[in-house]
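Scroll down for the structure; my scribbles are underneath it.
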Amino acid sequence: KLQANQDYTILQGAEHLLWSVEGRPFPLPAMGVKGAQLKREVGLISAVSLIAGTMIGSGIFMSPQWVLYHMGSPAGSLIIWAACGLLVMFGALSYAELGTIIKESGGDYIYILRNFGSLPAFLFAYTSIIVVRPASVAGISLSFAEYAVAPFYQGCSTPQVVVKCTAASCILLLTIINCLNVRLATAIMNIFTAAKLLVLLVIVIGGVVLLINGHTQSFQDAFQNTTAGIGPVGVAFYQGLWSYDGWNNLNFVTEELRKPEVSELY
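Here our numbering is used: the first residue of the sequence shown is 315, the next is one more, and so on.
Have a look at this one:
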């Protein structure tokens with residue numbers, strides 16, 4: 315019997331609805347209630363593209379200069395990149411295990427809900443929706459807009475109105491595409507991911523060619539002028555982690571994966 319003083323929360327999932335009584339979930343199908351279902355149309359390639367597409371964004375093209383600036387030396391900046399990558403790898407392995415155990419969409423929210431209850435989960439979702447996600451999307455969109463409109467304003471500074479309008483248009487367009495069709499959204503994501511990988515490949519090949527041709531002056535006294543302050547190292551670490559941001563996004567669409575136990579691990 316339901317009592318008024320209990321905390322009941324209805325969560326609509328991909329395969330069923332859940333009632334959370336004081337943070338403890340109960341499946342509603344056993345009560346004769348049928349939940350809405352999301353389409354499982356995200357395969358392994360699209361899942362990998364989702365991770366790569368969200369990680370390879372504005373950060374990898376804009377953060378390296380700031381990591382080098384705050385560390386003061388090439389060797390110091392490379393250590394920061396390696397440390398950030400190691401930290402992200404541990405996080406990704408942890409999330410892969412969580413995704414195979416709790417096969418529900420929602421990412422951080424659903425994991426907090428299942429372990430700590432509805433109040434911490436609500437606070438996380440509230441701050442994420444109101445502050446964290448919009449700020450992240452705005453930063454990425456503005457970075458893209460800066461590069462997109464720069465060729466049209468060669469020799470002069472780009473008007474901020476044009477940059478902001480372009481960024482807002484991109485956000486609106488991508489929102490409409492994601493609302494219309496999952497397959498269309500994943501196809502566009504795969505195309506852009508391939509394009510970004512191609513750009514990175516060109517950069518890597520260019521660097522290798524320079525090394526082969528004897529341009530190794532950056533590696534001479536590589537640790538010279540390395541900063542030892544906690545503040546600059548922390549800022550450099552933050553810039554490095556910004557480039558890796560997006561490694562956990564696959565767990566937000568777990569219920570749309572065709573084979574979550576395969577895609578999460580890969």
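C-beta atoms are modelled at their ideal positions from N, C-alpha and C, and glycine is treated no differently.
Thinking just about the alpha-carbon of each residue, which of K573, E569, N562 is nearest to the one in L401? N562
Extent of the continuous alpha helix (DSSP H) to which I519 belongs: I519 -> alpha helix (DSSP H) spans 496-526.
Excluding the 5 residues flanking L382 on each side, which residues of the same chain have their C-beta closer than 6 Å to its C-beta? Around L382: S391.
Tell me, please, whether the segment 450-465 touches the segment 475-483 by the rule of three or more beta-carbon pairs shorter than 8 Å. yes
Quick check on A449: buried or exposed, where buried means 16 or more other Cβ atoms within 10 Å of its Cβ? Around the beta carbon of A449, fewer than 16 other beta carbons sit within 10 angstroms, so the residue counts as exposed.
Could you check how far apart the C-beta atoms of T489 and G367 are, in whole angstroms? I think they sit under 8 Å. No, T489 and G367 are not in contact; Cβ-Cβ is about 16 Å, not under 8 Å.
Taking 8 Å as the threshold, find out whether the segment 393-400 comes into contact with the segment 418-433 through three or more Cβ pairs. no
Nonlocal neighbours in the same chain, by C-beta distance under 7 Å from V463, ignoring five residues either side: T472, V476, V477, T480
If I measure Cβ to Cβ from N504 and keep anything under 6 Å in the same chain, skipping five residues before and after, which residues do I get? S363
Beta-carbon proximity list for A550, same chain, < 6 Å, skipping 5 on both sides: If we look at A550 and ignore the five residues flanking it on each side, its Cβ neighbours are V381, H384, M385, I394.
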